[in-house]
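Using mature numbering (1 follows the signal peptide of the UniProt record, and there is no 0), the letters of the sequence shown map in sequence onto residues -22 to -1, 1 to 521.
In what follows, a structure is listed as structure tokens, so that the remarks can point back to it.
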Amino acid sequence: MKKVLAIILALTMLLGVSAAMAEEVSTEVAELNTAMIEAAKALEPSENLYFENGLEISGMGVHFNNYPTEFDGCYYFLAIQALTNATVTIDWRVQDNYATQMSTALASGTLPDIINAGDYGVMNMVNEGAVVALDEYLDLIPNIVAAVGEDRMADWRQADGHIYTIPTIVNVPGSQSVMVRQDWLDALGMDVPTTWDEWVELWRAIRDNDLNGNGDPNDEIPLALEQGSTGERSMASLLNAFGIRASSDCQFCVLDDGTYTMVYEHPRYREFLEAVQGLFAEGLIDPEFATRTQAELFTAMDSNLVGTTMTWAERARISTNTNREAGDEDALWTCVAPIVGPHGDQMTQERAAVSSVWCISADAAAAGKVEDILRLFNWCYSEEGKMLYNYGLEGLSYDMVDGAPVLKPLVVANGFVDYRSLGMEFEPFGGEWETDAFMQCLFAGMTLEDLDDASASFYNGLAVVNNDYFYAMPQTLDTDEYVEYHAELITTGVCVLRDQTIAGQMTVDEFFTQYEGLKAQGLQEVIDAGTAAYAVLSGASAE
């Protein structure tokens, strides 16, 4: 330990990390990253877990955000190696075409030890015999079981009632928010809408005025929404406004009587579809709603084109600053409560706290590695592992102040960006992200009173304005029927019909006629299997 402290002290003195003296923060962050890497290599073995003969774990996973992709690109995996003598090497892939890449890996006949199923689907891998169930090993992972908690066990289980994945957990309910251009609202002399009619009135006002002042009266988008990674998620916030408590992909819901089914079976869905079709016909909804990706939504916001949207709350701060840097000094994205529907419904999806990450392959089981892999992940959920995941290395990325970890100003000065680029909260790998670390990044080392208006808007969207409106999202259950028919009957089936109907290419009656045809082709089997699986999961959770 003395060796590590000496290295930390020397490197800290060398770096002279001081925000006041810094001319280029990115350079300081790069230097800090180097310092953390060297310090991680020098860590002494953990007293809680150490594999005397070493442990090699290979993996294939989905990478996102700005986390490093190389094993030695940040402190995190090097620290795990030094502390536990376990080397975790992940072949990181991007989300695009990941299901195809997974099919290729399965066809090769050789799989890594741990695999993120991604869009291929956990149950698809189960049916291939590619992964093992973890139910009989729960006694080896008490830290993970405790982190999930009894009330969230159903979210951990798959459609057949079994557990196949090592999860990642985010103990922060908020994530996304409806937001409006406050400066446009002010220019119109309007307040934040509190009824459906007021929302429609605002969208019409945005359509009818050149609020971005570029001389083109037709380029403002009153309501812009992303289509999601596969096009299924389109119109999430408007579904909620009609009282439909949809799953993350907006394909499934739980009715008031507790029945799990598809959103198209909801008694309000026809009314929703008619209303949204009308909004589109009026030019109030993004004309590219069916194809606009998240990145394209961000570009439209940053380009001064969007009046209202729903996306990650952090975007309120980012796009506000981008708009201002482009010369619109009065720009301000304000996070607001969810859209109120015509019946007074007002709700928003709670962040999915428990998300599936790693399956353990049958190849790893054949090699006798399952128990050691689980011991390592259980250590990651220990106090020692959580400190490493959330805060990094003491003396470099955080200090202990009055018995509590406090992230260094340099680490949080840029919110989550540098925090993640340094490897902390390495979400593609997974762990338990604690609220305290999250809030320190959010506040960037300041108090709420010190935040600028853009950062305060982000905070409000995350932790204030939506608090009374969250609902726990039902799962999208990977039943055999869902796996079989998902691509054909949902992604390129009913979702396409929905988009065509919203765009006025078919009537609402024609939509439901064709929807019934899809049910006859297998979609009814998906519904029935989901209903049955949800009943089993609900019963298992209650026991």
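Using N, Cα and C, we set each Cβ at its ideal position, and we do this for glycine too.
Distance CB(residue i)-CB(residue j) smaller than 8 Å
i: W181; j: P200; result: yes
i: D97; j: Y76; result: yes
i: V318; j: W174; result: yes
i: T239; j: I505; result: yes
i: N190; j: N102; result: no
i: V314; j: M168; result: no
i: L366; j: A57; result: yes
i: I141; j: W336; result: no
i: N218; j: T312; result: no
i: N149; j: S360; result: no
i: V332; j: P452; result: no
i: N299; j: A432; result: yes
i: residue 523; j: D227; result: The first residue shown for the chain is -22 and the last is 521, placing residue 523 beyond what the model contains.
i: S435; j: R295; result: yes
i: W162; j: G51; result: no
i: V40; j: R71; result: yes
i: G99; j: V461; result: yes
i: S155; j: V395; result: no
i: M14; j: L429; result: no
Proximity test, residue i beta-carbon vs the ligand MG heavy atom, cut-off 7 Å
i: T237; result: Ligands in the displayed structure: none, and consequently the ligand MG is not present.
Span separating the alpha-carbon of residue i from that of residue j
i: A17; j: G373; result: 10 Å
i: H321; j: G221; result: 8 Å
i: A(-1); j: G439; result: Note on A(-1): pLDDT 33, under 50, position unreliable in the model; the coordinate value appears next. C-alpha separation (whole angstroms): 31 Å.
i: T82; j: T88; result: 10 Å
i: N187; j: H464; result: 42 Å
i: V3; j: S375; result: Confidence in V3 is poor, its pLDDT being 43 and thus under 50, which makes the residue's placement unreliable; the coordinate value appears in the next sentence. When rounded, the distance between both Cα atoms is 15 Å.
i: V232; j: L216; result: 17 Å
i: V379; j: W134; result: 35 Å
i: K497; j: Y242; result: 11 Å
i: D350; j: A124; result: 19 Å
i: S225; j: L21; result: 43 Å
i: G393; j: G500; result: 47 Å
i: F267; j: N31; result: 55 Å
i: S516; j: A132; result: 7 Å
i: K347; j: L455; result: 28 Å
i: S399; j: F49; result: 13 Å
i: A481; j: S339; result: 44 Å
i: A511; j: G139; result: 8 Å
i: A507; j: F230; result: 12 Å
Unbroken beta strand (DSSP E) run spanning residue i, endpoints
i: G495; result: Looking at the DSSP string, G495 is not in any beta strand (DSSP E); the run it does join, the alpha helix (DSSP H), is 486 to 496.
i: L163; result: Taken as a continuous stretch (DSSP letters only), L163 belongs to no beta strand (DSSP E), being part of the alpha helix (DSSP H) at 160 to 166.
i: V395; result: It is not in any beta strand (DSSP E) - V395 instead sits in the alpha helix (DSSP H) that spans 394 to 399.
i: L33; result: 33 to 40
Extent of the continuous alpha helix (DSSP H) to which residue i belongs
i: E9; result: 3 to 19
i: P387; result: 387 to 390
i: F258; result: 247 to 259
i: C358; result: 348 to 358
i: M213; result: Neither: M213 is in no alpha helix (DSSP H) and is coded neither H nor E.
i: F416; result: 413 to 421
i: F276; result: 272 to 280
i: I58; result: 53 to 62
i: D341; result: 340 to 344
Sequence ranges, alpha helix (DSSP H) only - wholly within the region 285 to 318, length at least 4:
292 to 303
Curious, which full-length alpha helix (DSSP H) runs of at least 4 residues does the region 64 to 151 contain?
76 to 86, 100 to 105, 120 to 126, 131 to 134
Whether or not the region 383 to 390 and the region 422 to 439 are in contact is what I'm after, with contact meaning three or more pairs of Cβ atoms, one per stretch, closer than 8 Å; do they touch?
yes
Would the region 285 to 292 count as touching the region 241 to 256 if we require 3 or more Cβ pairs under 8 Å?
no
3-residue-minimum beta strand (DSSP E) runs that sit fully inside the region 171 to 204, ordered along the chain:
199 to 202
Pairs of beta-carbons, one from the region 104 to 122 and one from the region 58 to 68, closer than 8 Å: are there three or more?
no
Are the region 473 to 488 and the region 343 to 353 touching by the rule of at least three beta carbon pairs closer than 8 Å?
no
Just list the alpha helix (DSSP H) runs in the region 431 to 509, keeping only unbroken ones of 4 residues or longer that don't cross its boundaries, in chain order.
431 to 441, 458 to 463, 473 to 480, 486 to 496
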